[in-house]
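Protein chains in written order, with the numbering used here: chain X, 1 to 457; chain H, 458 to 914.
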C-alpha cells in the first residue's frame, strides 16, 4: 500500500481488536525465574499466592507455556469503551525534525485514568468479581494506577480500597478526587487502619509515607479481610499479559498498512507498558520470523536496567512480598526527591529482565530536563501533552530520528505514548521556571543500596 | 443496518471528515440581528471589525448567506491530529438506567485543550497566520479557551498573549502551565500592561479580576499592537461556523449507520458547542426535511435563555465591544461565587438566540448538585470524567432517557460531551464532601442586572 495512504491515526475496527492476550513467556527459551517465598526461598505455589491474588490471576502469573489467553467478553466490552487506542503517524513531528524517519506512536492516554494502566485494572477487577469477591486493595503513589483501578471496580460494582502515599494524598488531591468520583475509598498511608501502619506511625510519627509502606498496608488488609484480594499495576507477569493488548493492536494496525517497525521504544518503570508494547514483536523475533531493535528507556535517577544488578530481590520496601529475579537497584533504593515523573520503581519485570539479560533488548537512561524538553517539543507539534513517563520514550524516539537525519536512513520507529500529563503540571512548571534539576545517583549510592540484596542460592 | 452492528464508538475515516463548515445562518429565514457599533448604534462594518479581528474572520462573521465555507487544507491537517472525535453509543449508561432509549454522545474531550474549543482556535490562528500577523490576544477564565488557543498558535508559530483572570491565574495554576508549555505568554489580569488594567488597579488595588476586565485588556493590546488581533472562543457567528464540524461529523456518522436522533441536547454558555452540534440538524429542520427536538441546557445560576431578555446588550462587562442582540441577563450579571463549572456568560450567541426566539429550540436550566450527580453516575459506567459544563447535557439526557423508561418509547438521544473535567477536581471535591450548594438568582437580582441594558431602537 502506498505510503501516502497512511492516515494520521489508524483506528482498528471493533472486529479487528484482539480476542486473545499474548503470553510472551510461552515463546521464551530462557523463562523468567519464578517468584520465591520470602520465608522459605522456594518457588511460590499457586496455593500460597491465592491468599493474596485472585485464583485466575494466580494461574496467569504462573503459566509460562500457554501462548494465548482468551480475553473474556466482559473485558472486551469494557475495552470497547476506550479502545482501540489510536496508532498515530507523527507527521508533524517528522516535519519539525526534518527527518527521513517514519515515526509512529501508540497513544494510551485517551481514557480517564490517563494511561495504559486501565488495560490490566479492568482484567484484575473482572477476575475478582468472577471469583465472587467483595473488593480489592492496592497502593498508589501519585494515583495513576489507583485511578485506573477505581474505574474498573466501579464498572463491576466492587469495593476498591486504595492506600495512597500520604504526601501525594495531601499535595496531589486531584487524582484522589478522581478516585472518589469512581467510588473508591482512599486512605492516606501510613494509616492507623493496619498493624503495619500503626507500627510505622509509632516509630516515625511525622512520616509522609512511602510506596513500600502503602504496599504493606494494602497487602495486610487484603489478607486479613474476608472476600478481598490485593492487586498490583506493574511488574507482574499477569500485568504484562493484559498489557499485550497494546502491542497486539499496534501490530495489527501496522500489518494492515504493510508497515514494519525497525525500532520499538518504550519507557520502563516496572515494565507494564514496555512489556505490553513489545510482546507480539518480541514473539516474532524469538521465533526468528522478524528482527526488531527494542529500546527500554529509564530515568537516569532510577536506572535499574543500566546500572542495577540481575538478582533476586524483594518486590517491596517492606519485604512482605515474594522475591523476584530482576534487574534491581535494591529494594531500599529511593530516587532523589527532585525526580519529577514516575518510573521510580527499584526493580523491573522478571520477563523483561530475562530478555535484557539475554541480549534481546537494549536499554538507555536519560536525564529529566532532556525528557521535559522532548515533551514540550512534542506537545507543540503533535498537540498531546505527554506524561513525564511517556516523554522518556519520546526523548529517545527523537534521538533515533535525528540519527536517521544524519545517515539519511528512512527507518520506521514505533514508540509507546503511555499517557497524558494533566496531573503533572507542577513538574512542567518547574521545568518552565528553570528550577528542574537532573540527578544521577553515585556508584557508591547504588552499591550501598545493592548491599541489602537478600542471599539466594 | 441492524441495531446490533452499531459499535461502541463510531470513528469516521479521514476521507469522510467534513471538507466544509456549515453556516446555519444561510438557511435561517429570520437572520440573527447584526452587531452594533457601541458608539453609533449602527451595524458594525467590515472595516470597523477588521481593526479587532482578522479579515477572513470578519467576512465569516458578517456573511449570513453563504451556506458552505471550505475548510482550508492546513486546518484539516490539524483536525486530523485529534479528529474525527468519536460518536459513542452509551450502551453502559443505557443498561444502568434500564431505559429503552438509545443514547449517543459526541465526545470532544480527547485533545489536550480538553474540549471542543480547539476546533475554532485552530481556525482563528490559521487566518491570523495567513494574514501575516505576528500574534493574537485573548482572555481566559479557568483556561480552557486559552489552552486551545495556545496549542493552535504553537502549531502555526504565532505569538499568543493570554490575559487570565487573576484569581484563576493564582489558584488554578495547572492550565496556566499547559498554556506555557505551548509557548503562550500568560498575564494575570488586571495587569499594569494596559491602560484599562492600570485604571482598574488604581481604583480597586486588591481586585482579583474578572472576565470583563480581561477582555478589555486583550482587546486593548490587540488594537494598539502592530500585527496583532483579538480572538474569542464563543458567542460569535464565526465560532459557531467552525464548531459546525462537531455536528457535521455526528450527522455523517449517524447517517452511515441509519440512525436518526429524536432529541439533540447540548450545554449552553455562549453557545459554541450547542451551535456547532445542532447546525446541520437544524438546517434540515429549517428546510423541512426532518424534525428534531433541540434542548439547550444552562445552569440555574446563569439562566440567560430561560430567564433573560431578548435584547441588544454589551458583549463584555467593560462595554468596549460591539452590542449583540441576544438572550441576556445584562452585561453586569455575575453568577454566584459558588457556581462551580463554566457556562457563566451573561449572554448567548445571536444565532441561537434567534432560533430560540422563533420557537425552533427549547431550553431548560438545571442546578449544579444535580449536574455533578449526573456527572458521577455517567463517569462510573461510561468511564469518561466529564467537565461540569458537559455534565449539564448529561443531566438532561438522563432525564429524557428516564422519561422513555416511563413511557416505553425507544427514542434516540444525541448529546454533546464537550470535554473532560481533569482540571475541575476542586469542584468535584466540594461535591463529594457535601459542600456544594445550589443557587438560583432571585427575580429582583435579574431585574436589577437587566436594568442596565443599553437603549437601542
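Virtual Cβ for every residue (Gly too), placed ideally from N, Cα, C.
Inter-residue Cα distance where the pair is residue 84 of chain X and residue 11 of chain X
Distance between the alpha carbons of residue 84 of chain X and residue 11 of chain X: 6 Å.
>> Please return the same chain residues whose Cβ sits closer than 8 Å to the Cβ of residue 167 of chain X, not counting the five positions on each side in sequence.
In response: In its chain, beyond the 5 residues on either side, 208, 209 have a beta carbon closer than 8 Å to the beta carbon of residue 167 of chain X.
For the segment 128 to 136 of chain X against the segment 224 to 239 of chain X, do three or more pairs of beta-carbon atoms, one drawn from each stretch, fall closer than 8 Å, so that the two count as touching?
Contact between the segment 128 to 136 of chain X and the segment 224 to 239 of chain X is present, because at least three Cβ pairs lie under 8 Å.
Between the beta-carbon of residue 565 of chain H and the beta-carbon of residue 709 of chain H, is there less than 8 Å? Result no, Cβ atoms of residue 565 of chain H and residue 709 of chain H do not sit closer than 8 Å.
Let me see if you follow: with CB-CB separation under 8 Å, is residue 3 of chain X close to chain H or not? Here the model assigns residue 3 of chain X a pLDDT of 49, short of 50, so the residue's position is not dependable, and the following value carries that caveat. False, the Cβ-Cβ gap to chain H never drops below 8 Å.
Fill in: 8 Å Cβ cutoff, residue 363 of chain X in contact with chain H
Chain H, which has no Cβ nearer than 8 Å to the Cβ of residue 363 of chain X, makes this no.
For chain X, find out if any of its Cβ atoms is closer than 8 Å to the Cβ of residue 836 of chain H; answer yes or no.
Output row for residue 836 of chain H: interface = yes.
Drop a sphere of 10 angstroms on the beta-carbon of residue 891 of chain H, count the other beta-carbons inside from all chains shown, and report buried for 16 or more, exposed for fewer. Exposed, since its Cβ has fewer than 16 Cβ neighbours within 10 Å.
Let me check understanding here. Comparing Cα to Cα, which of X/415, X/188, X/48, X/204 lies closest to residue 296 of chain X? Nearest C-alpha to residue 296 of chain X: X/415.
Inset, instruction - State the CB to CB distance for the pair residue 310 of chain X and residue 327 of chain X, rounded to an integer number of angstroms; the pair is presumed to be in contact (CB under 8 Å). - result: Confirmed, Cβ separation roughly 5 Å.
Discussion item. Less than 8 Å between the C-beta atoms of residue 917 of chain H and residue 882 of chain H, yes or no?
Written reply: Absent from the model: residue 917 of chain H. The displayed extent of chain H is 458 to 914, so no value can be given.
Q. Any C-beta of chain X sitting closer than 8 Å to the C-beta of residue 842 of chain H?
A. By this cut-off, residue 842 of chain H is an interface position.
Report task. Answer yes or no: does any C-beta atom of chain X fall closer than 8 Å to that of residue 631 of chain H? Result -> Closer than 8 Å to some Cβ of chain X, the Cβ of residue 631 of chain H qualifies, so yes.
Under 7 Å by beta carbon: chain X residues contacting residue 539 of chain H:
Ordered by position in chain X, the residues that pass the 7 Å Cβ test against residue 539 of chain H are 383.
- Query: Pairing CB atoms from the segment 739 to 754 of chain H with CB atoms from the segment 607 to 618 of chain H, are three or more of them under 8 Å?
  - Reply: The answer is no - the segment 607 to 618 of chain H does not touch the segment 739 to 754 of chain H, with fewer than three Cβ pairs under 8 Å.
Cβ-Cβ distance between residue 214 of chain X and residue 189 of chain X below 8 Å: Yes, Cβ-Cβ distance for residue 214 of chain X and residue 189 of chain X is below 8 Å.
query = Would residue 882 of chain H count as contacting chain X if we go by Cβ distances under 8 Å?
reply = Flagged as an interface residue toward chain X: residue 882 of chain H, by a C-beta distance shorter than 8 Å.
Are residue 706 of chain H and residue 475 of chain H touching if we call contact CB-CB under 8 Å?
Yes, they are a contact pair.
Residue 238 of chain X burial status per 10 Å Cβ neighbour count (16 or more: buried): Looking at its Cβ environment, which holds 16 or more other Cβ atoms inside 10 Å, residue 238 of chain X is buried.
Notebook entry, point to check: For residue 484 of chain H, which residues from the same chain have a beta carbon less than 7 Å from its beta carbon, with the 5 sequence-adjacent residues on both sides left out?
Noted result: Same-chain partners within the cutoff: 524, 740, 743, 744.
| task | Please state whether DSSP places residue 265 of chain X in a helix, a strand or coil. | result | In this structure, residue 265 of chain X counts as strand in the three-state DSSP scheme.
### Message
Counting only Cβ pairs nearer than 7 Å, list the residues of chain H close to residue 151 of chain X.
### Response
Neighbours of residue 151 of chain X on chain H, chain order: 840.
Original post:
Residues in the segment 632 to 659 of chain H with C-beta within 7 Å of chain X's C-beta atoms, listed in sequence order?
Top reply: Of all residues in the segment 632 to 659 of chain H, 634, 635, 637, 638, 639, 640 have a Cβ within less than 7 Å of some Cβ in chain X.
Members of the segment 426 to 449 of chain X that neighbour chain H once the beta carbon cut-off is set at 7 Å | Answer set for the segment 426 to 449 of chain X: 428, 429, 432.
Residues that residue 779 of chain H contacts on chain X, provided the C-beta gap is smaller than 8 Å
Under the 8 Å cutoff, chain X gives no residues; its nearest Cβ is about 32 Å from residue 779 of chain H.
(request) Count the other CB atoms, across all protein chains shown, that sit within 10 Å of the CB of residue 151 of chain X; report buried if there are 16 or more and exposed otherwise. (result) Per the 10 Å Cβ criterion, buried.
For residue 513 of chain H, tell me which candidate among H/583, H/834, H/495 has the shortest Cα-Cα distance. Here the closest residue by C-alpha is H/583.
* Asked: Between the segment 561 to 573 of chain H and chain X, which residues of the former have a C-beta closer than 7 Å to a C-beta of the latter?
  -> For the segment 561 to 573 of chain H, which is checked against every Cβ of chain X, the residues closer than 7 Å are 567, 568, 569.
Contact under 8 Å by Cβ, residue 140 of chain X with residue 146 of chain X: Yes; because the gap between Cβ atoms is below 8 Å, this pair is in contact.
Where residue 841 of chain H sits in the DSSP three-state scheme:
In this structure, residue 841 of chain H counts as coil in the three-state DSSP scheme.
To the nearest angstrom, report how far apart residue 497 of chain H and residue 521 of chain H are at their CA atoms.
Approximately 22 Å, taken between the alpha carbons.
Given that residue 7 of chain X touches chain C, what residues does it touch there, using C-beta distances under 8 Å? Reference to chain C is not applicable here, since the protein chains of this structure are X and H.
Discussion item. I need the straight-line Cα distance from residue 495 of chain H to residue 765 of chain H, nearest angstrom please.
Written reply: Roughly 21 Å separates the two Cα atoms.
**Asked** What residue from X/96, X/104, X/78, X/263 has the CA that sits closest to residue 118 of chain X's CA?
**Response** With distances taken between Cα atoms, residue 118 of chain X lies closest to X/78.
(request) Give a yes or no on whether 8 Å exceeds the smallest Cβ distance from residue 612 of chain H to chain X. (result) Under the 8 Å criterion on CB atoms, residue 612 of chain H is classed as interfacial with respect to chain X.
message = Is the beta carbon of residue 241 of chain X closer than 8 Å to that of residue 60 of chain X?
response = In this structure, the beta-carbon distance from residue 60 of chain X to residue 241 of chain X falls below 8 Å.
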